[in-house]
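Participant: The structure follows.
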Amino acid sequence: MSTPSKPASSEDILGQKLTPFIFRLTLHSGVGFSVGVVASVILFRRRTWPIALSTGFGAGAAYADCDRSFNSARVPGTRIVSPSELASSK
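Below you can see the structure in the form of structure tokens.
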């Protein structure tokens, strides 16, 4: 006999969505930091602004990915259809 599965709690669902976000934030910020260090050493005579700029770009890319996963209406090409539009199209 199988036992009925209980629904997932909201904390578990939030945790499942936040774990990839933290991974992406770490990954994108790390890549941005690395690109900034290389650009700083090679191109900009060891200035610090390329490091901060590219790390911010990486963090922003991770934030945009997370925003899309939490709010599916922000996915490009998605359109929200109101119930009245849906009823009139049938």
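Residues 2 to 91, numbered by the numbering used here, are exactly what the sequence shown covers, in order.
In this text, a Cβ means the ideal position worked out from N, Cα and C, and glycines have one as well.
Remember, it's a predicted structure, so these values are computed and weren't measured experimentally.
#1: Looking at the unbroken alpha helix (DSSP H) that takes in Gly78, where does it start and where does it end?
#2: On the CB-based measure, 16 or more other CB atoms within 10 Å of its CB, does Gly16 come out buried or exposed?
#3: Residue ranges of each alpha helix (DSSP H) run of no fewer than 4 residues wholly in the region 19 to 81, ordered along the chain?
#4: Rounded to whole angstroms, what's the CA-CA distance from Thr49 to Pro84? Just pull it up for me.
#5: Using only alpha-carbon positions, find the residue among Ser89, Asp66 and Leu87 that is nearest to Thr27.
Facilitator: So, from the data block:
#1: Locating residue 78 in the sequence shown gives position 77, counting from the first residue. Unbroken run through Gly78: none, as it is neither H nor E.
#2: As a working mapping, residue 16 is identified with position 15 in the sequence shown. Exposed is the call here.
#3: 50 to 71
#4: Position 48 of the sequence shown holds residue 49. Position 83 of the sequence shown holds residue 84. Distance between the alpha carbons of Thr49 and Pro84 is about 52 angstroms.
#5: Indexing the sequence shown from 1 puts residue 27 at position 26. Considering only alpha carbons, the answer is Asp66.
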